[in-house]
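Notes follow once the structure below has been shown.
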Amino acid sequence: QQQVKQSPQSLIVQKGGISIINCAYENTAFDYFPWYQQFPGKGPALLIAIRPDVSEKKEGRFTISFNKSAKQFSLHIMDSQPGDSATYFCAASIQGGSEKLVFGKGTKLTVNP
Amino acid sequence: NAGVTQTPKFQVLKTGQSMTLQCAQDMNHEYMSWYRQDPGMGLRLIHYSVGAGITDQGEVPNGYNVSRSTTEDFPLRLLSAAPSQTSVYFCASSPRGGAQYEQYFGPGTRLTVT
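See the structure below:
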């Protein structure tokens, strides 16, 4: 049973465009939602994270939007650059829960110059 | 700090062989975990540890063993390798005792089982 559903599987965007990746979850006990970025041949690295007490968090060109009632959260990359080309994973975990971080299946983003 | 280190980077095993993937961190992190990454499957948790002497199973633990005798090291043992264990394995650590904080990932070990 997949607990975090991520879409799309792949995404191609032109330089300067907006990249949007969506995730949905079922378990309402999730209360920590990070996004990880992975370049080819490297391990994932934390990009940005949000907790459900806020609806949006912005760090530079990266924004997480969170909709608690719909059980959805998304990553927006503004002014996408070729250097943003990577695989992006959303994830979720429960505070004081089973200490497990559950990942989505990933989105491969390609930003064309 | 070296961060999270993993050895080896690449390994080829024959079916039935055993081996240990090494993971070490020098950040004094309490929480360590092992994931496998397969195309289209994302990152799946194999085993994790919230501190020395404490380990627990993740989503896909079958065929793997772990132990945590020190804070720094968290080796993953494949007891009898199978082709289904062909994957890229990542070790991660967190500065606090849980999955609620930033996970620092190692560079990965690419394992092929023939």
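Line by line, the protein sequences give chains E and G. According to the numbering used here, the stretch in the first sequence is residues 4 to 116, in order. According to the numbering used here, the stretch in the second sequence is residues 231 to 344, in order. Just so you know, even glycine gets a beta-carbon here, dropped at the ideal spot from N, CA and C.
Boundaries of the beta strand (DSSP E) in which residue i is found, first to last residue
{"i": "E:H79", "result": "Q75 to I80"}
{"i": "G:F320", "result": "S317 to S324"}
{"i": "G:R307", "result": "L306 to L308"}
{"i": "E:L49", "result": "A48 to I53"}
{"i": "G:N292", "result": "Unbroken run through G:N292: none, as it is neither H nor E."}
Euclidean distance between Cα positions of residue i and residue j
{"i": "E:G20", "j": "G:M249", "result": "46 Å"}
{"i": "E:T66", "j": "E:E59", "result": "7 Å"}
{"i": "E:Q40", "j": "E:Y91", "result": "5 Å"}
{"i": "E:K74", "j": "G:I284", "result": "33 Å"}
{"i": "E:N70", "j": "E:A27", "result": "10 Å"}
{"i": "E:I97", "j": "E:N30", "result": "9 Å"}
As assigned by DSSP and simplified to three states, the class of residue i
{"i": "E:Q6", "result": "coil"}
{"i": "E:G107", "result": "coil"}
{"i": "E:P85", "result": "helix"}
{"i": "G:S248", "result": "coil"}
{"i": "E:S58", "result": "coil"}
{"i": "G:S299", "result": "coil"}
Cβ-based burial, residue i [other Cβ within 10 Å; buried from 16]
{"i": "G:L309", "result": "exposed"}
{"i": "G:R266", "result": "buried"}
{"i": "G:R326", "result": "exposed"}
{"i": "E:G46", "result": "buried"}
{"i": "E:S13", "result": "exposed"}
{"i": "G:V242", "result": "exposed"}
{"i": "E:I15", "result": "exposed"}
{"i": "G:S314", "result": "exposed"}
Residues sharing a beta bridge with residue i, DSSP
{"i": "E:P37", "result": "E:A52"}
{"i": "G:V234", "result": "G:Q255"}
{"i": "E:S68", "result": "E:E59 and E:S77"}
{"i": "E:F92", "result": "E:Y39"}
{"i": "G:Q267", "result": "G:L273 and G:V318"}
Proximity test, Cβ basis, 8 Å: residue i and chain C
{"i": "G:M271", "result": "Protein chains in the displayed structure are E and G, and chain C is not among them."}
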